[in-house]
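K.L.:
The structure is given below, and queries will be raised subsequently.
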Amino acid sequence: MDITKLDRSIVFDVIFIDEATQLLTSHAVLAINRLADHQESRMIVAGDSLQLPSVKRCTYPALPHPVPDLFSSVFHCLLRDENNFPISLHTEKLFEQISRCPYLSIFNENHRKFI
492 MDITKLDRSI VFDVIFIDEA TQLLTSHAVL AINRLADHQE SRMIVAGDSL
542 QLPSVKRCTY PALPHPVPDL FSSVFHCLLR DENNFPISLH TEKLFEQISR
592 CPYLSIFNEN HRKFI
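According to our numbering, the residues represented by the sequence shown are 492 to 606, in order.
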């Protein structure tokens, strides 16, 4: 579906983004703009930090804190702690780091423990 061709009055109560590590934030914004404006609306983002990232051919500038990395995947853009600092996926204590993300739910049965 080409979301840019939808009637602008069409909005969604729930937007589900699968494979979020491969979707650029700039592309996700197109869907986010269609999220309904009420308390029950939700955006569900699913991704696996061990999968390949999105394919980019450009070099982007580094943005100052607290601006999220808008040039990476929507998964990495959202993966931030309560102080808006990015959560590193390159750590021995990955589960502990990710659990500090205030708006993230982790399904333990799908969690891969690193040895």
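Beta carbons are placed, not taken as given, at the ideal position from N, Cα and C, and that holds for glycine.
Using CA atoms only, rank isn't needed, just tell me which of Asp498, Lys496, Asn575, Leu569 is closest to glycine 538.
P.N.:
In the sequence shown, residue 538 corresponds to position 47, counting from 1. Nearest of Asp498, Lys496, Asn575, Leu569 to glycine 538, Cα basis: Leu569.
K.L.:
Taking the alpha carbon of histidine 529 as the reference point, which residue from Phe576, Val505, Ile535, Pro559 has its own alpha carbon closest?
P.N.:
Along the sequence shown, read from residue 1 onward, the residue named residue 529 stands at position 38. That would be Val505, whose Cα lies nearest to the Cα of histidine 529.
K.L.:
Would you please state the rounded distance, in angstroms, between the beta carbons of serine 436 and alanine 527? I believe it to be under 8 Å.
P.N.:
Nothing can be reported for residue 436, as the shown portion of the chain is limited to 492 through 606.
K.L.:
Please state if the CB of valine 536 and the CB of isoleucine 578 are separated by a distance shorter than 8 Å.
P.N.:
Taking the first residue of the sequence shown as 1, we reach residue 578 at position 87. Taking the first residue of the sequence shown as 1, we reach residue 536 at position 45. No; because the gap between Cβ atoms is not below 8 Å, this pair is not in contact.
K.L.:
In terms of residue numbering, what span does the beta strand (DSSP E) encompassing isoleucine 535 cover?
P.N.:
Numbered from its first residue, the sequence shown carries residue 535 at position 44. Here the beta strand (DSSP E) through isoleucine 535 covers 533-536.
K.L.:
By a C-beta neighbour count over all protein chains shown, 10 Å radius and 16 as the cutoff for buried, is histidine 567 buried or exposed?
P.N.:
Position 76 of the sequence shown, counting from 1, holds the residue named residue 567. That one is buried.
K.L.:
Measure the beta-carbon distance from serine 545 to glutamine 513 and round it to whole angstroms, keeping in mind my assumption that it falls under 8 Å.
P.N.:
On the sequence shown, position 54 is the one that residue 545 refers to. On the sequence shown, position 22 is the one that residue 513 refers to. Indeed they touch by this definition, with Cβ atoms about 5 Å apart.
K.L.:
Look up valine 546 in the DSSP assignment and say whether it is helix, strand or coil.
P.N.:
For the purposes of this step, residue 546 is identified with residue 55 of the sequence shown, where counting begins at 1. Valine 546: coil per DSSP, three-state reduction.
K.L.:
Are proline 559 and arginine 571 touching if we call contact CB-CB under 8 Å?
P.N.:
By 1-based counting over the sequence shown, the position of residue 559 is 68. By 1-based counting over the sequence shown, the position of residue 571 is 80. The answer is yes: Cβ separation under 8 Å.
K.L.:
Excluding the 5 residues flanking proline 557 on each side, which residues of the same chain have their C-beta closer than 7 Å to its C-beta?
P.N.:
The count along the sequence shown starts at 1 and reaches residue 557 at position 66. Correct list, in chain order: Asn575.
K.L.:
Isoleucine 508 lies in the alpha helix (DSSP H); which residues open and close that run?
P.N.:
Taking the first residue of the sequence shown as 1, we reach residue 508 at position 17. From DSSP, isoleucine 508 is part of no alpha helix (DSSP H) but of the beta strand (DSSP E) over 505-508.
K.L.:
Three-state secondary structure (DSSP) at leucine 569?
P.N.:
The residue labelled residue 569 in the question sits at position 78 within the sequence shown. The answer is helix: DSSP assigns leucine 569 an H, G or I state.
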